[in-house]
Every structure is written in C-alpha cells, then in structure tokens.
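Worksheet: the structure to be examined is printed underneath.
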Amino acid sequence: MDKHNPSKDLFVPVDRAGEDSEKISRPSLSFWQDSFIRLRKNVGAMIGLFVLLFIGFMAIFGPYMNEYDEFGQDLSRAKMPPKVEGLGWLGMDGTLTSVQTAATVEEAQEKALMRFNNQEEFITTTVLTEGGNGQEAEVEAVYDVYGAKNLEENFWFGTDGLGRDLWTRTWMGTRISLYIALLAAAIDMVIGVAYGGISAYYGGRVDNIMQRIIEVLVGIPNLVVVILMILILEPGILSITIALTITGWISMARIIRGQVLKLKNQEFVLASKTLGAQDNRVLRKHLVPNVLGLIIINTMFTIPSAIFFEAFLSFIGLGLPTPIASLGTLIDDGFMSLQIYPHILLFPAIIISLVMIAFNILADGLRDAFDPKMRE
Amino acid sequence: MTRYIIQRLVYMIITMFLIATFTFFLMKLLPGTPLSAADKLSEEQRQVVLEKYGLDEPVPVQYFNYMVNLTQGDLGISFQFDNREVTTIIMERIGPSMTLGIQAMVIGTILGMLLGLVSAIYHNGFLDYGSTFIAVIGKSIPSFVFAGMLQYFVGVKLGWFPVALWEGWEYTVLPTVALAIFPIAIAARFMRTEMLEVMGSDYITTAKAKGVNKFGVVFKHGLRNALIPLITVLGPLAIGLMTGTLVIENIFAVPGIGEQFVKAINTNDFPIIMGTTLLIAFLFIFIILVIDLLYGVIDPRIRLAEGE
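Keeping their order, the protein sequence lines are chains A and B. Yeah, the first sequence ends on 1499 if you go by the working numbering, and it's all consecutive. Yeah, the second sequence ends on 457 if you go by the working numbering, and it's all consecutive.
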C-alpha cells in the first residue's frame, strides 16, 4: 500500500459532541442584570428596599390620610396619647398609665387620681403591691384620655404639646428630611463626579491644582463648616442643604478620581481613543458606566449621613425654624416631655432609625452586588 | 520621618490659621452685638461697653488683635457671662467632655473588637449574624435616639442609673453607653473583615499546621496582625464621638463643652462660639495627625513608603 495515499477507511468522522462544551448555555447577562440578580438574593437588602419604598410612600401620601393639618393647634387636645382602633394590644389604646407609690394603698390611689386631674370615672386603678411591713404600696392607674375629653376621633400617633396631630407632622417631617437628604446627596454627586472626573481625566497641572484645593478643604472639619454656614445663612431647608453639600462632595470626588485614574490607562480606553473617539465619547461611553456602580454606592451612604446631620442640627438649635416639622425637630420636641409623654418622641425616632438602617443595609447590599470581589 | 512630621505640622498651622480667619470674618457678618438687647444705654455707656469688648476699633485692627491674643491662648471675654474669659469657661468644661469621650472610646473599641473577633471566629454562625446585626443597628441608629431609649427605659422605667446631671460616677454611665454604641459598631465591622482576611492568610495555615492551639492562633497570630489597620478607623471614630458629645451632653445635661456650645448658639455669644469652634477644629486636626503618625510608627511598611 502506498503510504502517501492513505485508504479512505482510515478516516473516522469526528465526534461532534465535544463541541457543545464551547457553547454558551446560559443567556449572557449585562453588568446591571447580573448585579440585580445578586441584589435580589440578598434578603436584608431587599427588606431594606421595601422598608424605604413604604416610608417613601407614606412620606408622600401619609399626611393626607386623615383630616388634620400639619400646623393646626388646639390646646384642648394637647399631648393626647396615640389611639388606633384594633391596635390596643400595642399600647395604642389612647390611655396614659402611671404607677404611684405611697405609704398606704389609699394614699397611693389618691396620688394616682391627682396625677390625672381627679377624672375619677375615666381612671381605673389596680393595686400592684399592698404595702405594709415597711414596704410602700404601689398603685397603677390607667387614664382613658379620649373618654375624659369626650373625643370621638382618634389620633393615630397622638398629638404634641400644642395639640397638633403627630401622624400628619411625622410624615410631613419624614418628607422634609428625605427631601433635604436626597437633594444634598444629588448635589454632592454632581459636583463630586464632575470634579473627580475632570481632575483625573485631564491629569497633569489641572489635577495638581485641583488636588491641592481638596487637601486644604479636607483639613477643615465638616462639622465646623456646617455649623458656621447655618449660623450665617439662617436655618431653612435650602440653607441646611447648602451647608451639607459644601464639604459633602469631597469624598465622592476623591473616590471618582481614584477610579478614573485606574481606568483611563486601561486597554479598552486606549483602543477607543486609537479608533478616533473624542474625549466626550470616552467619558460618556467608557468611563462613566464603569464608575456608575461606585457613584450609586457612595450616594446611598451619603443619604443616611445627611439625614443624621439634619436631625443633629435640630438638636444643637440650628435646625429648621419652628412650625416646620422634620424628623430632627420632632425628636428634639419629643425629648422635652420624654418622661411623661414618651409617644411624642417614639414615632419620629422609630422612623428615623428605620430609614437609617434600611439605607445602610441596602447600600451594603448594593456594594456586594456591584462588586462581588469586595464581599467579605 | 522628621521631615514628614514637620511638613504635617506646617499644614496643620496653615489650616488652623485659615479656620481662625474664616470664623472671625463669619462672626463679623452675623447680626447682633453684645448691645443688641440694650437700647436704653446712653452714648457714653455704649462706648464703654464697646471698648471693653474691643468692638470700637476698625475690623482689620480687631482681626489683628484677635489673632495676636489667639496665639497667647486668649479667646476674649464672653458676651453672656460678664467679665468671664472664654478660655476659663472652656477649661472648666473640658473635664466632663473628656471623661465621656475617653470612656466611650475605650469601652466602645474594646467591646467592638471582641464582637468582631467572635464574628470572625464563628464565621457564618449564629454568633456572627448576631454581632453583625448589632453592628448594623449601632451604625445606623443615631446616638440621640439611642440616648432617648436609654433615658426612658433604663433611667425612668428601671431606675438603674440617674437620667441626667453630673454628680458622680453613676451619672456618666448612660451618656457613655449612648456614645459608645457607635465605636462598638464601627470597630466590630472593621475587626470582622480584617480578622477574616488575616485568618485566611498563609502564616495562619502554617501556625495551625505546626500545631499551635486555637487560642494561640487567634490571639497571637491573628489578632495582632488584624489590629494594625484598626488604627485607621480610630480617627473617624474620635470625630464621630466629638459630634456625638455635642448632642449627648445636652440630652443628659452634662456640663461639658457641647452643652456650652449649644447655649452659646442660642444666646449669640460669639466669643464662646468662636472659641469652641476653634477648639473642635484643633482637636479634629490634631487627632488625624496623631493617628497618621502612629500608623507610621506601628507599621514599618508605611514608613518605608514615605521615605521613598
């Protein structure tokens, strides 16, 4: 047999099954789809998201759910405890409770009645300890405020010291606080991204000068800047927002600069430039999409800190001027009568805590979703 | 290293100078003088009062005087309390603030580290989730909300500790706890991440392989290496605490700097506002400087990088 002419039967058809291993079996996902799938698997982050959506919904529509308005004062119904039909077991039954101690049961009962203006028919007293043998008697008195004041309607969150409905005020306050925080975060984002992006992309002398400016600004504590700005600008929604943004954008600018510096020397940017892309196109199509995840994460962390600072300013007497409600001013008010009427502090405190926790958990979840490498 | 320290000190002085100048002119822009409430004074009496506060001079001269006095530690006279020097007022009140701050910082960091350590050792276990939960809560809930809860439940309902004022050790408990929750949360989170990273490294495997017991691996090989980066969070922690004390002192009626500061804001006592602002700014910058230097001392790699 001629060895240069192999016979036909030496050839065997290739087994085609092996080629399947090269096939892409799953649909290809974009970065955003992939991130969203990861985020959806994160239970904590999803709960955070729904809590925020709920609070956001209430902040928009909550104030219109009853007939009271934000500023309507009526001293005859001041400091009413919260009452919701069917939620009595949660303590929202429109009663005030007080425990009085005295030498004898009778004295303690008398003290309890005195405490609630002697409205005997609306007070039920229970004896906790009989006393005697050197022990003091303890009497618990429950006072039905709504009955005593002959009020038909219910205040779901109660009323404050001036008789304003706390349900309406709390949701209006949530709205104002969220508004300030979102606005401040948005302004921080725009300034920070522009500043950091320009500084890193153009580099050289531009970068040098812009970085020296940031170094000086970073040295000034933002607490001091915020306080001084508010002192001059007079407290108000706009001035608080401005004060928060004056130094707030710096961290965003630094993060963006670092990321853009890293990205701008990578091959895909070089390729794009070689193919004739203008600066504008490189920025829009290649750099911004690559830093978008970072921008979102950083903004999500800015929002809760802005909410905190707004409330903080209310506390040191630099908050919004009086009739306006924000979570900060409401909490500040609540502290004045904490011992006797804790409900005034309770609801805004719960909401501010929920908002802060939800934002923090969601931001953590987003960070894990966008950058699985950074996962702990 | 010496050059680096000098450079940082120069930066610090420039920043302080800028802040002092900035504060001075901002205060000049504000409405109100010590005379605002006193319309009935005669012209001579006005003159006497203005002279006492140095307000009769033109603004540049006032600025010059202020700066000269500042370098000598003289912050002027309070508008509110007659003839009391701002420096004296601040010195009287720095004690309680420092006590609270240091107690919260020490207790908070130690507890936080322990929590983080437990988290990392029992990674993905029940204890891990528990302490991560505490850390998220502690980081998110504002200190003043936490202070309110403590005051109401521990102070009023249980009556374990006094709700307010400053008359002895037991009075420091509630404000310290309210302040400490933030460092606990931050330290726990940070410690957990660092510890997990360290425990995954080769030298830990080596230590385990040569038969070091679990205690030795965690504390001798793991903890010591995880501690170094913790120093970087001490700065932000201290700053967070200073922000916290401004509020907490008011809630618990602690006679500290923060309480005085809020009083001064509400009474337009500019010399005190300026003095406290400068003090806060100085502490901020000083803490950051100390921590940067400390980091260099502890981690030789950083010192080498600076030298290049």
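Even glycine gets a Cβ: it sits at the ideal position worked out from N, Cα and C.
Alpha carbon of residue i to alpha carbon of residue j, nearest angstrom
{"i": "B/Leu386", "j": "A/Ile1343", "result": "17 Å"}
{"i": "A/Leu1469", "j": "B/Val305", "result": "15 Å"}
{"i": "B/Leu219", "j": "A/Gly1327", "result": "39 Å"}
{"i": "B/Asn374", "j": "B/Val347", "result": "7 Å"}
{"i": "A/Gly1167", "j": "B/Arg152", "result": "49 Å"}
{"i": "A/Asp1288", "j": "A/Leu1453", "result": "12 Å"}
{"i": "B/Tyr160", "j": "B/Phe166", "result": "10 Å"}
{"i": "B/Gly265", "j": "B/Val403", "result": "31 Å"}
{"i": "B/Glu241", "j": "B/Arg233", "result": "12 Å"}
{"i": "B/Gly279", "j": "B/Phe435", "result": "36 Å"}
{"i": "A/Gly1319", "j": "B/Leu299", "result": "43 Å"}
{"i": "B/Ile290", "j": "B/Ile168", "result": "31 Å"}
{"i": "B/Leu179", "j": "A/Ala1309", "result": "29 Å"}
{"i": "A/Lys1146", "j": "A/Asp1402", "result": "37 Å"}
{"i": "A/Pro1136", "j": "A/Asn1128", "result": "18 Å"}
{"i": "B/Gly393", "j": "A/Met1375", "result": "24 Å"}
{"i": "A/Ile1447", "j": "A/Arg1407", "result": "41 Å"}
{"i": "A/Leu1367", "j": "A/Leu1356", "result": "12 Å"}
{"i": "A/Met1459", "j": "B/Lys177", "result": "33 Å"}
{"i": "A/Val1347", "j": "B/Ile429", "result": "8 Å"}
{"i": "B/Leu442", "j": "B/Ile154", "result": "8 Å"}
{"i": "B/Glu200", "j": "B/Pro207", "result": "12 Å"}
{"i": "B/Ala337", "j": "B/Gln252", "result": "17 Å"}
{"i": "B/Gly456", "j": "B/Ile447", "result": "A caution first: B/Gly456 carries a pLDDT of 45, below 50, which makes its placement in the model too unreliable to give a value."}
{"i": "A/Gly1488", "j": "B/Gly274", "result": "19 Å"}
{"i": "B/Thr425", "j": "B/Ile239", "result": "8 Å"}
{"i": "A/Gly1171", "j": "A/Phe1159", "result": "15 Å"}
{"i": "B/Ile377", "j": "B/Tyr352", "result": "16 Å"}
{"i": "A/Leu1412", "j": "A/Val1405", "result": "The sequence shown places Pro at residue 1412 of chain A, rather than the Leu named in the question. About 10 Å."}
{"i": "A/Arg1123", "j": "B/Tyr215", "result": "The displayed coordinates of chain A run from 1124 to 1499. Any statement about residue 1123 of chain A would go beyond what the structure contains."}
{"i": "B/Glu319", "j": "B/Ala313", "result": "10 Å"}
{"i": "A/Ile1303", "j": "A/Glu1233", "result": "49 Å"}
{"i": "B/Lys363", "j": "B/Met254", "result": "29 Å"}
Contact check, residue i vs residue j, beta carbons under 9 Å
{"i": "B/Ile388", "j": "B/Phe433", "result": "yes"}
{"i": "A/Lys1396", "j": "A/Ala1323", "result": "no"}
{"i": "B/Phe410", "j": "B/Leu395", "result": "yes"}
{"i": "B/Gln194", "j": "B/Ile421", "result": "no"}
{"i": "B/Val367", "j": "B/Ile270", "result": "yes"}
{"i": "A/Ile1439", "j": "B/Asn399", "result": "yes"}
{"i": "A/Ile1418", "j": "A/Ile1379", "result": "yes"}
{"i": "B/Gly384", "j": "B/Phe331", "result": "no"}
{"i": "B/Phe310", "j": "B/Leu323", "result": "yes"}
{"i": "B/Val349", "j": "B/Ala356", "result": "The question names Val, but residue 349 of chain B in the sequence shown is Gly. Contact: no."}
{"i": "B/Lys288", "j": "A/Asn1483", "result": "yes"}
{"i": "A/Val1478", "j": "A/Ser1221", "result": "no"}
{"i": "A/Ile1321", "j": "A/Val1329", "result": "yes"}
{"i": "A/Val1420", "j": "A/Thr1297", "result": "Per the sequence shown, residue 1420 of chain A should be read as Ile rather than Val. No, these two residues do not count as a Cβ contact at 9 Å."}
{"i": "A/Thr1111", "j": "A/Asn1345", "result": "A question about residue 1111 of chain A goes unanswered here, because the residues of chain A that appear run from 1124 up to 1499."}
Within chain E, the residues that residue i reaches when beta carbons sit closer than 7 Å
{"i": "A/Phe1177", "result": "Absent here is chain E; the protein component of the structure consists of chains A and B."}
Bridge partners - residue i, DSSP secondary structure assignment
{"i": "A/Asp1501", "result": "Residue 1501 of chain A lies beyond the range of chain A shown here (1124 to 1499); nothing can be said about it."}
{"i": "B/Thr321", "result": "None, per the DSSP bridge assignment."}
{"i": "A/Thr1282", "result": "A/Asp1288"}
{"i": "B/Ile226", "result": "B/Glu234"}
**Message:** To be precise: take each residue of the region 427-438 of chain B, compare its Cβ to all Cβ atoms of chain A, and keep it if any distance is under 9 Å. Which residues remain?
**Reply:** Those would be Leu427, Ile429, Ala430, Leu432, Phe433, Ile434 and Ile437, in chain order.
**Message:** To test your reading of the DSSP string, which unbroken beta strand (DSSP E) runs of 3 or more residues are found completely within the region 1289-1343 of chain A?
**Reply:** For the region 1289-1343 of chain A, not a single whole beta strand (DSSP E) run of length 3 or above is found.
**Prompt:** Counting only runs that start and end within the region 331-386 of chain B, where is the alpha helix (DSSP H) found for 4 or more residues in a row?
**Reply:** Complete alpha helix (DSSP H) runs here, min 4: 351-358.
**Asked** Along the region 1458-1485 of chain A, what residues have a CB closer than 7 Å to any CB found in chain B?
**Response** Against chain B - using a Cβ distance shorter than 7 Å - the residues of the region 1458-1485 of chain A are Phe1458, Leu1461, Gln1462, Pro1465, Leu1468, Ala1472, Ile1475, Ser1476, Met1479, Ile1480, Asn1483 and Ile1484.
**Under 8 Å (Cβ pairs) to chain B, residues found in the region 1423-1436 of chain A** = Residues are counted here when their Cβ sits less than 8 Å from a Cβ of chain B; for the region 1423-1436 of chain A these are Pro1427, Phe1431, Ala1434 and Phe1435, given in chain order.
**Contacting positions in the region 277-305 of chain B - beta carbon closer than 7 Å to chain A** = Hits within the stretch, in order: Val285, Ile286, Lys288, Ser289, Ile290, Pro291, Phe293, Val294, Gly297, Gln300, Tyr301 and Val305.
**Asked** Looking at chain B, which residues of the region 1437-1453 of chain A have a Cβ within less than 7 Å of any of its Cβ atoms?
**Response** Contact annotation: in the region 1437-1453 of chain A, residues whose CB is within less than 7 Å of a CB in chain B are Phe1438, Ile1439, Gly1440 and Leu1441.
**Request:** Scan the region 1386-1470 of chain A and note each continuous beta strand (DSSP E) run of 3 residues or more that stays entirely inside, going in chain order.
**Result:** Within the region 1386-1470 of chain A, no complete beta strand (DSSP E) run reaches 3 residues.
**Request:** Report the residues of the region 373-401 of chain B with a CB closer than 8 Å to any CB of chain A, ordered along the chain.
**Result:** Shown in chain order are the members of the region 373-401 of chain B whose Cβ falls below 8 Å from a Cβ of chain A: Ile388, Met391, Thr392, Leu395, Val396, Asn399 and Ile400.
**Residues of the region 409-427 of chain B whose Cβ lies closer than 8 Å to any Cβ of chain A, in chain order** = For the region 409-427 of chain B, residues whose beta-carbon sits nearer than 8 Å to a beta-carbon of chain A comprise Phe410, Val411, Ile414, Asn415, Ile422 and Thr426.
**Asked** If contact means a Cβ-Cβ distance below 8 Å, which residues of the region 1340-1357 of chain A contact chain B?
**Response** Answer set for the region 1340-1357 of chain A: Gly1342, Ile1343, Pro1344, Leu1346, Val1347, Ile1350, Leu1351, Leu1354 and Ile1355.
**Prompt:** What residue ranges within the region 266-304 of chain B form continuous alpha helix (DSSP H) runs of no fewer than 4 residues, ordered along the chain?
**Reply:** For the region 266-304 of chain B, whole alpha helix (DSSP H) runs of length 4 or above, ordered along the chain, are 275-289 and 292-298.
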